[in-house]
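Remarks on the structure that follows.
In the working numbering, the protein residues as written are 799 to 1220.
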């Protein structure tokens, strides 16, 4: 379809100024290079989260924020362009089989031009974020670029490893986008947010600190920390603090030593760094200011929902690409477990997501608009079941798989569209 559109545009331009033809061809190649379906997801996600944050603080809205919001959207599109662009640069051979319409694989964009574009995206994006959103959001943005780089670029090229690949996608789409945009808006509104990071210099390994002294210190840290939190921030924050200590313990200490298991280790780190630290500090500050504790159920919901959704996208994104992945010996869940099994798994996980959404609305009527959330997610779940049935009936042909994957992305967009109203 993309080739037909391009051919029509070229025929329509016949006889016109060659320089204008070149500009039109570049615009078409540039748009395909950006992978429009990912831009729609990024744009919808950011607009949805901005809307939610503003609805929570309507008295702080100022017209001067419009420019900052627009610049933030441009930065997100730049980050998106960098990640999808660098992936195309290193996937030329695979894309010639799986996605021949992409501009580099089709010969419509040179590798040199692609490199110029992705580097420009990265530089412009970082500059915009650093000038407008502060150190914390800039660090999240750079982390996203870093993860996008190691996902595609040798020698790491983490997309070769299915588990690592879907964890990267889940982190970028699930955590970085949602929390990054939400707290960037809070910062723009003048609301506080804190991020604390320790940087140990490994003195035990260097022989500068004995194991006995280290044990004394860590136990003292734990006791003093719990006492301080309990005396100043109340029962809820204290429970979060103790949960963080517990997770840190089972991460490192035998016999559990969960750091041995990559997926469990990732989940522990994500919980401590992603949830406990952010929500804990944020609500501790509210408590210190004398403000009552308020659980942002909506943000917690969308983060959980999108993280699981990102896992589904991570495992189903390779469904249309099995032929090329097998040819180039790229290991994915689809090549290992089969297209049908992954299709059923993805549909099942999404169905769990929707069932969880309906359950959340029913069991937490004070946090969600059940009369809106329940029917909407029921309809989306039924559409998902129907699409999975269509895929099964079509015997998982290439055309049916491509249609199913597009539908998954449409469900992703739909969730962000309805999010401000739940």
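We treat Cβ as the ideally placed atom computed from N, Cα and C, and that holds for glycine.
Bear in mind the structure is a predicted one, so any value in this text is a computation, not a measurement.
**Item:** Whole-angstrom distance between residue 949 and residue 967, CA atom to CA atom
**Value:** Reading the chain shown from its first residue, position 169 is the one you call residue 967. Reading the chain shown from its first residue, position 151 is the one you call residue 949. Residue 967 and residue 949: Cα-Cα distance of roughly 9 Å.
**Run of the alpha helix (DSSP H) containing residue 826, from where it starts to where it stops** = For the purposes of this step, residue 826 is taken as residue 28 along the chain shown, with counting starting at 1. First-last of the alpha helix (DSSP H) with residue 826: 816-831.
**Item:** Length of the line joining the Cα atoms of residue 1196 and residue 1214
**Value:** Sequence index remark: in the chain shown, residue 1196 carries index 398 (1-based). Sequence index remark: in the chain shown, residue 1214 carries index 416 (1-based). Each residue's Cα considered, the two are about 28 Å apart.
**Item:** Reduced DSSP category for residue 1013 - H, G, I as helix; E, B as strand; rest coil
**Value:** Numbered from its first residue, the chain shown carries residue 1013 at position 215. Look at residue 1013 here: in three-state DSSP terms it is helix.
**Request:** Would you be able to state if there are at least three C-beta pairs under 8 Å between the region 834-852 and the region 972-992?
**Result:** The count of Cβ pairs closer than 8 Å, one atom from the region 972-992 and one from the region 834-852, reaches three, so the stretches are in contact.
**Asked** Around the C-beta of residue 1029, are 16 or more other C-beta atoms found within 10 angstroms, so that it is buried, or is it exposed?
**Response** Along the chain shown, read from residue 1 onward, the residue named residue 1029 stands at position 231. With fewer than 16 Cβ atoms within 10 Å of its Cβ, residue 1029 is classed as exposed.
**Request:** With a threshold of 16 other CB atoms inside 10 Å of the CB of residue 1145, please say whether the residue is buried or exposed.
**Result:** The residue labelled residue 1145 in the question sits at position 347 within the chain shown. Classification for residue 1145: buried.
**Item:** Per-residue DSSP class, three states only, for residue 1216
**Value:** Against the chain shown, residue 1216 aligns to sequence position 418. Helix.
**Message:** Which of the three DSSP states is assigned to residue 908 in this structure?
**Reply:** Sequence index remark: in the chain shown, residue 908 carries index 110 (1-based). The answer is coil: DSSP assigns residue 908 none of H, G, I, E or B.
**Request:** Return the first residue and the last residue of the alpha helix (DSSP H) that residue 1187 is part of.
**Result:** In the chain shown, counting from the first residue as 1, residue 1187 sits at position 389. Counting along the chain, residue 1187 sits inside the alpha helix (DSSP H) bounded by residues 1168-1191.
**Request:** Starting from the C-beta of residue 832, find all residues in its chain whose C-beta is less than 6 Å away, skip the five residues before and the five after it, and write them out in chain order.
**Result:** As a working mapping, residue 832 is identified with position 34 in the chain shown. Cβ within range, chain order: 879.
**Request:** Look up residue 1030 in the DSSP assignment and say whether it is helix, strand or coil.
**Result:** As a first step, residue 1030 is located in the chain shown; it is residue number 232 there, counting from the start. Secondary structure at residue 1030: helix, using DSSP grouped into helix, strand and coil.
**Message:** Restricting to Cα atoms, I'd like to know which of 952, 944, 891, 919 is closest to residue 974.
**Reply:** For the purposes of this step, residue 974 is identified with residue 176 of the chain shown, where counting begins at 1. For the residues 952, 944, 891, 919, the minimum Cα distance to residue 974 belongs to 944.
**Prompt:** DSSP on residue 1007, reduced to helix/strand/coil?
**Reply:** Stepping through the chain shown from its first residue, residue 1007 is reached at position 209. Of the three classes helix, strand and coil, the one that applies to residue 1007 here is coil, per DSSP.
**Asked** Alpha carbon to alpha carbon, what distance is there between residue 1200 and residue 917?
**Response** Taking the first residue of the chain shown as position 1, residue 917 is located at position 119. Taking the first residue of the chain shown as position 1, residue 1200 is located at position 402. In this structure, the CA atom of residue 917 is about 30 Å from the CA atom of residue 1200.
**Message:** Among the candidates 1148, 956, 868, whose CA atom is the shortest distance from the CA of residue 1222?
**Reply:** Since the first residue of the chain shown is 799 and the last is 1220, residue 1222 is not available in this structure.
**Request:** Compare the Cα-Cα distances from residue 1042 to each of 1055, 1053, 1024, 1032 and report the closest residue.
**Result:** Locating residue 1042 in the chain shown gives position 244, counting from the first residue. Nearest C-alpha to residue 1042 among 1055, 1053, 1024, 1032: 1024.
**Message:** Mapping the DSSP letters down to three states, classify residue 889 as helix, strand or coil.
**Reply:** Here the question's residue 889 lines up with position 91 in the chain shown. For residue 889, the secondary structure class from DSSP, reduced to helix, strand or coil, is coil.
**Asked** Near residue 1172, what residues of its chain come up, given a Cβ to Cβ distance below 8 Å and the 5 sequence neighbours on each side ignored?
**Response** Sequence index remark: in the chain shown, residue 1172 carries index 374 (1-based). Result list for residue 1172: 1156, 1159, 1160, in chain order.
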